[in-house]
DNA sequence: TGCTTTTTGTAACAATTAGTACAAAATACT
DNA sequence: AGTATTTTGTACTAATTGTTACAAAAAGCA
């Protein structure tokens with residue numbers, strides 16, 4: 001179903017991705033519409049015509065981020081390798097992202113800490129992302145218990161909650177301490193909890 | 001040593017505290033100098049005359065926050081009660097702060113996630129606060145091991161890193177999920193790791 | 001009483017902010 | 001070719017931003 005009217009000169013997905021980088025790096029408040037225009041290459045008219053306003057565009061970036069990384073994390077956690085190794089891979093993968101050049105950590109964590117109190121869209125996507133991770137971990141920890149890969153006196157719930165907590169802690173500390181050696185120790189320390 | 005000149009009509013400490021609330025709630029970028037004037041009751045002249053500029057005032061609030069809560073946390077962790085109970089108290093105390101009305105979590109965590117990448121003062125105080133917590137935990141976990149209160153095959157370091165990670169994770173998740181029941185479960189799950 | 005010093009209130013500054021008005025441009029359909 | 005529809009570029013808005021200028025006010029000291 002082709003549209004009538006002048007065709008767009010830009011790729012919508014690419015623009016959302018470019019805008020995401022701006023919000024990710026600077027945060028919502030510190031990102032000006034001018035920054036967004038420059039980063040996306042769009043003029044103000046095109047940006048407002050296509051996305052409504054700054055906050056609507058922000059929402060699109062949150063959704064896109066969630067969908068992208070949910071897929072990646074799900075992939076890591078469903079590989080045909082031992083459960084513990086998969087979990088460790090999730091942690092080392094996150095750590096590697098956190099220590100890439102110009103990394104700003106996890107966009108959704110940053111957005112949640114900055115704004116979830118005052119922005120229900122941020123609240124929603126932060127929540128969705130955390131719940132997804134929790135459910136996925138629950139599934140594979142159960143898998144590990146059934147296959148006797150994981151043997152623990154703790155309940156499945158305790159194991160999962162503790163892992164989720166460590167995951168968010170690692171990513172937050174990586175933004176604070178910024179020391180890869182320390183991060184690696186934390187991953188190892190976390191793994192001892194599902195020994 | 002009394003100063004010459006017109007005396008101040010305000011209490012410096014009170015002003016820093018009021019300004020802290022603004023930065024804490026809105027973040028640095030979203031806090032306008034007008035917000036700061038209104039919250040502190042000072043005119044623009046007085047504020048700039050006394051604190052230089054917005055960022056210098058921000059620095060004062062970071063320092064004050066660190067010093068205040070460091071004292072509280074240290075007090076919790078050095079009570080004459082079992083080590084495990086002290087650690088649990090640190091977690092429940094933090095959780096209670098996170099679920100107070102209009103809570104914005106830990107100011108330093110929020111500031112670090114928002115700005116530590118681009119603001120060396122935030123970086124510094126976030127780092128100092130984390131290191132303080134780490135060192136204090138190290139001291140009392142050692143204490144717990146020597147008194148045989150804590151018996152674990154894990155190294156002291158692993159225990160401490162895991163606790164620190166869980167602490168930051170809990171506080172970050174409390175900003176994201178905002179569910180006290182879940183938070184309580186996480187504290188319990190964390191405590192099973194130093195069983 | 002004057003002189004110095006500091007604080008205070010008012011007014012202003014240039015720059016930036018998010019968002020809009022409007023006409024020209026580019027397409028599809030008739 | 002002409003019309004409808006959408007996108008685009010330029011210019012603009014009104015409000016807000018952080019910061020400063022300056023004179024009046026309030027104290028100590030001579």
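Chains as they are written, first to last, in the UniProt record's numbering: chain A, 1 to 195; chain B, 1 to 195. Glycine included, C-beta positions come from ideal geometry on N, C-alpha and C. As the structure is a computational prediction, the values presented were derived from the model and not from experiment.
Within-7 Å CB hit, residue i to chain A
i	result
residue 142/B	no
residue 67/B	no
residue 169/B	yes
residue 172/B	yes
residue 165/B	yes
residue 122/B	no
residue 110/B	yes
residue 186/B	yes
residue 27/B	yes
residue 71/B	no
Interface flag, residue i vs chain B, CB-CB below 7 Å
i	result
residue 146/A	no
residue 177/A	yes
residue 78/A	no
residue 158/A	yes
residue 126/A	yes
residue 43/A	no
residue 63/A	no
residue 189/A	yes
residue 32/A	no
residue 114/A	yes
residue 193/A	yes
residue 154/A	yes
residue 162/A	yes
residue 39/A	no
residue 50/A	no
Counted within 10 angstroms of its Cβ, other Cβ atoms place residue i as buried (16 or more) or exposed
i	result
residue 114/B	buried
residue 169/A	buried
residue 133/A	buried
residue 14/B	exposed
residue 155/A	exposed
residue 130/B	buried
residue 81/B	exposed
Inter-residue Cα distance where the pair is residue i and residue j
i	j	result
residue 164/A	residue 10/A	39 Å
residue 91/B	residue 24/A	30 Å
residue 152/B	residue 144/B	11 Å
residue 137/A	residue 86/A	10 Å
residue 47/B	residue 186/B	43 Å
residue 56/B	residue 99/B	30 Å
residue 3/B	residue 104/B	38 Å
Extent of the continuous alpha helix (DSSP H) run through residue i
i	result
residue 48/A	44-51
residue 180/B	180-191
residue 171/A	156-176
residue 130/A	120-146
Contact test: residue i Cβ vs the ligand ATP heavy atom, cutoff 6 Å
i	result
residue 23/A	Ligands are entirely absent from the displayed structure, and the ligand ATP is therefore not among its contents.
Beta strand (DSSP E) runs wholly inside the stretch 54-118 of chain B, at least 3 long, in chain order: none
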